[in-house]
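Okay, so here's the structure we're looking at.
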Amino acid sequence: MLNGRESLIRLVGKRRHFLRNRQSLLSDPFATHNDSIEDTEAEKLVDSKEATEFGSESGSSEKLVTCPVCGHKVSGDHNDINSHLDACLSRGTKRKLTQQTLLQSNFWSQPKISSSELEPSGKNVSGRGSDKSLVHNAVPGLPDFGAAEENVISMCQSSRKLESDMQTHIDDSSENPVNEYWINYSTDTTQQLSPKNEVPKGDMDVTMDEICGVTLETYIVGRRFSDEKKLLLGASISLLRDPNNDKDPNAIKVVSADSGCSKSLGFIPRELAQCLSPLIEKCCLNFEGHVCSIPKHPFDCVPIQIACRKSVFHGEKESEVLEDFNCLWKVAKLVVESAKNYPLSMTKYQQNFCVLIREVLRSNPHLFSEDEKIFMESFTSLSNDSQRIFIRLYTRKGPWFRMSNISYAEVLDPQEAVKGLSAAGYVCLFEDADESDYNEIKEMLNLLTVCELRDISCKLKKNCNSGTRKKDLIEALLSLHKNGLCPKLPSVVLEKTGVCVQISSQAESLIWRAERLFFLNGEQDLSTFLLVDLGIVKYPTYNCIISEQIFSGRDDLLAYEEAIEVAQLMDQALDGNNAEVLLRLIKIADSRISSSSMKAINSSTSESAPKFLLYFSALWVYSKVVSLGVSFLEREHRYNDAINLLKRLLSCFTFDGRRGYWTLRLSINLEHIGYLNESLAVAEDGLQDPWVRAGSRMALQKRILRLGKPPRRWKTPSFSASIKRKITEVHVQGRPLNCEIGMKNRFYGEDGEQCGVEQLALQYYAGEGGGWQGVHTESGIWLTIFGLLMWDIIFSDAPNVFRTRFQTAPLDLETDSFYLMRKSCIESQLQKIHDGMAEEILIMSWECHVGTACRGVNWNRHSLTELQAAVSCIGGPCLASLCRHIAQDYRSWSSGMPDLLLWRFNLEYRGDA
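At position 654 of the sequence shown (counting the first as 1) the number is 654 in UniProt numbering, and the numbers step up by one without a gap.
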């Protein structure tokens, strides 16, 4: 696989069927973008005879306007204006004009959202966000997905300060009424607090005795797992804790109180169980109730009413739990109120989908047009069956689906559901063969089986022996249709498939945008909700302090979406090995970078701007496309073209961690075309670049020592001794099973079993090699140790780096700002590690967070015993130094470590590694 391909695949994520700009990208000339690669300063290293096929130097005049903030001249391009202004406002530049003049000027077509500065405060930061809301300490509007009980207790302990901060902020801001704000208590319980569900002051100090008889309206879920399928209206029920539940340790069963055997009827919702389970266990509360209504579908949610009937307390116990009781009861009532936003008949995946749409529209209204908002909001007005069908089809591969194959247990009438979706514009129907085009016919044929394709060939009296493979049969039929020899093919195909359904281009584009804005990456989608609901994945607890938008304006988002389309087309062209399309896409990405003004590039890549925001820019995506294009050109031995692209990247992205890789490739490619002096000069200049680090720096040093011999260089570099140091070699003998080129070698180990070369080396070191223990892990064990030792710092409060409920690390983890923003906390933790507390920190972190997703931490590959032994033998000073390197430059140090880590104990508490 080409270098950078895997990263591009992760960036693109799920491939879209409809690409709005496909036609213009692949067919139209570059009408609005610079079609040539301008010469950069770096290109002066190479003779003019190295001119490449990508074009010659050209320039264009730009209209300049005056920035109303800093007073500098800026390119009149709309995107350049937005980028420059956002950079000015974010770094607190003193305005040359008044706020009123700024908003009334014609600098842009509509007001933009500006970021507000955070107030220096403690753990819970409050302030005005750019969308006229409080700075969130959690993402609003999301239901809880089942965190552990201690998270609710922790939330209760911190919510009192939040309430104080909230009240102070509201008192200080008379211009913003309370109903404009969203108040959230933690990442695990994120409910909206509006006047209609605001907790009355009298509820704040309710006693345990006062809640007896208070009813809560909820429902029974998980009816598929019940013992009693038949329910009676008004049937008596009671709640029973189920602490041994594999999926949820806070689970509460609903059992029938009428039958002596207490048959299970299902469970109460996970969100409510998280609050009631500690009340039942620690406060000794007992809940009873009755069934309010019977649903039509046997597996639908069952509405119930429950009430606290009795409580048994002891004076000492009551005083111990009273502090947390009020908060737990208050949050339980908030969860019940929030559940009323969703119909009881709504399935879990329906609710998750509606949460995603609602939250995206609430958080990013400036990124959607009015028509787009109306279209997305209309989804909730569709019938339950229509909503369920759409979500099911959207998560499938597609693009077309045979109506006869659409059948789901929770959908009562698929035909009516599809009609509703078609009328609302969410799906398209293929039911008229006369209106079909070539691509649609091709997609319809892929829906058919081999037998059906052979039947069509025979029915049309064409060659029935065109092959037995589906691909051959489809190509034969399409060839006949394209040549006009089979005009009846569309009608015959429609007769076989019946009516077919496809997600509409508008729906797919908008839902894709919503997913990208919600998850902020291409790797997560609606299935992420399912993994959490099933308890397969558990995300860490953290506060989301949001004061700045990822996309400041709609133009930025559309440019980013177009760049993602280019990346997807690039990936598809690599799959099909289409060199012509690949070269065109490389040229497009390069033209987008070169046509962006240097001010726009510098404002997005400057050291003052948050580095992680660059990851959500079109320039970042295009840089990845060009970087992958360099690998493709190198494979094709088009080194001159690759050199030009590398120079473009190095000249445009001056504050980028990838500069080390680009510099190394540039030096290598210059050597390929015979420019050894220039190759050496590039390597030497690279060592002066502060962004060339770790492995790339060592590789450049090795190149300098190899190329910099007399007469090119007479002086020996200072790093020569460290690079040329002699490393002891150990030869391990083994009997190979295969010697095929490109295949991983297999050996017979000392135990007679087959193993790889790494396992063979581990067996040698465990025996005659000196009694070492060890693991084959490369960087895995180091990142796991780092994640566990620095857990509290990784998920500590920091502005804008946590924005969704589904993050496994802060957005700035792979940037320099991660260390700089948390320097005092990190150094304090490193001092503890240096002083020998690493093993204690490791054990506590493991016990508190085991199973919780965290980037770099692999819970299944390494046991706690292995990690303890490794940490103990490595020693505090060495471990602290390594953790500092990873914290300062996670991107560079997260790969390239040795394959094996060995350790052994010399004394009881001392060892070597």
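Every residue, glycine too, gets a C-beta built ideally from N, C-alpha and C.
What is the DSSP secondary structure of residue i, reduced to helix, strand or coil?
i: Leu645; result: helix
i: Thr380; result: helix
i: Glu50; result: Reliability of the predicted coordinates at Glu50 is poor, the pLDDT of 40 falling under 50, and the value obtained from them is presented with this limitation in mind. Of the three classes helix, strand and coil, the one that applies to Glu50 here is helix, per DSSP.
i: Arg15; result: coil
i: Ala257; result: coil
i: Gly896; result: coil
i: Asp227; result: coil
i: Ser105; result: Note that Ser105 has pLDDT 34, beneath the 50 cutoff, so the model's placement of it is unreliable and the number below is only indicative. Here Ser105 sits in coil by DSSP.
i: Gln763; result: helix
i: Ile391; result: helix
i: Ala559; result: helix
i: Gln701; result: helix
i: Arg635; result: helix
i: Arg309; result: strand
i: Pro710; result: coil
Whole angstroms is fine: what's the gap from residue i's alpha carbon to residue j's?
i: Leu272; j: Val532; result: 16 Å
i: Val621; j: Asp792; result: 32 Å
i: Leu265; j: Phe818; result: 49 Å
i: Cys451; j: Glu753; result: 46 Å
i: Phe518; j: Glu359; result: 8 Å
i: Asn677; j: Glu684; result: 11 Å
i: Ser7; j: Cys284; result: 53 Å
i: His33; j: Ser696; result: Summary for His33: the model assigns pLDDT 40, below 50, so the residue's position carries little reliability; its value from the coordinates is reported in the next sentence. Answer to the nearest angstrom: the Cα atoms are 33 Å apart.
i: Ser796; j: Gln829; result: 13 Å
i: Ser386; j: Ser422; result: 10 Å
i: Gln350; j: Thr468; result: 42 Å
i: Gly535; j: Val331; result: 22 Å
i: Val801; j: Gly498; result: 50 Å
i: Leu478; j: Glu443; result: 11 Å
i: Pro243; j: Ile564; result: 46 Å
i: Pro249; j: Lys724; result: 57 Å
i: Leu737; j: Ile9; result: 35 Å
i: Ala589; j: Leu412; result: 48 Å
i: Ala618; j: Ala514; result: 17 Å
i: Leu356; j: Ser595; result: 36 Å
i: His885; j: Ala681; result: 28 Å
i: Arg648; j: Asp641; result: 11 Å
Which one or two residues does DSSP pair with residue i in a beta bridge?
i: Arg402; result: Cys500
i: Gly266; result: Val254
i: Tyr748; result: Arg735, Gln754
i: Asp428; result: In the sequence as displayed, the identity of residue 428 is Cys instead of Asp. Answer is Gln502, bridged to Cys428.
i: Thr852; result: Lys538
i: Asp912; result: Arg904
Taking residue i as part of the beta strand (DSSP E), name the residues at either end of that continuous run.
i: Glu288; result: 285-291
i: Ile546; result: Looking at the DSSP string, Ile546 is not in any beta strand (DSSP E), and its letter there is neither H nor E.
i: Glu217; result: 215-220
i: Ile237; result: 236-241
i: His776; result: 773-776
Between which two residues does the alpha helix (DSSP H) containing residue i stretch?
i: Phe353; result: 348-363
i: Trp903; result: Careful: Trp903 lies outside any alpha helix (DSSP H), inside the beta strand (DSSP E) at 900-905.
i: Met837; result: Segment: none, Met837 is in no alpha helix (DSSP H) and carries neither H nor E.
i: Gly876; result: 876-888
i: Arg454; result: 450-459
i: Thr663; result: 659-672
i: Ile474; result: 470-482
i: Tyr408; result: No alpha helix (DSSP H) contains Tyr408, which DSSP labels as neither H nor E.
i: Val532; result: 527-533
Keeping to the same chain, check which residues put their C-beta closer than 6 Å to that of residue i; ignore five residues upstream and five downstream.
i: Ile406; result: Pro414
i: Ala913; result: Cys873, Ile874, Trp903
i: Gly734; result: Phe747, Leu760
i: Gly896; result: Gly695
i: Met500; result: Reading the sequence as shown, one finds Cys at residue 500 and not Met. Within the same chain, Cys500 has close Cβ partners Trp400, Arg402, Phe430.
i: Tyr661; result: Ser696
Taking 8 Å as the cut-off, is the beta-carbon of residue i closer than that to any non-hydrogen atom of the ligand NAD?
i: Cys283; result: As for the ligand NAD, it is missing from this structure, which has no ligand bound.
Tell me which same chain residues have a C-beta within less than 7 Å of the C-beta of residue i, skipping the five on either side of it?
i: Pro877; result: His834
i: Tyr890; result: Leu813, Glu814, Phe818
Report all residues from its chain with a CB closer than 8 Å to the CB of residue i; omit the five preceding and five following residues, and keep chain order.
i: Arg5; result: Asp571, Leu574, Leu628, Ser631
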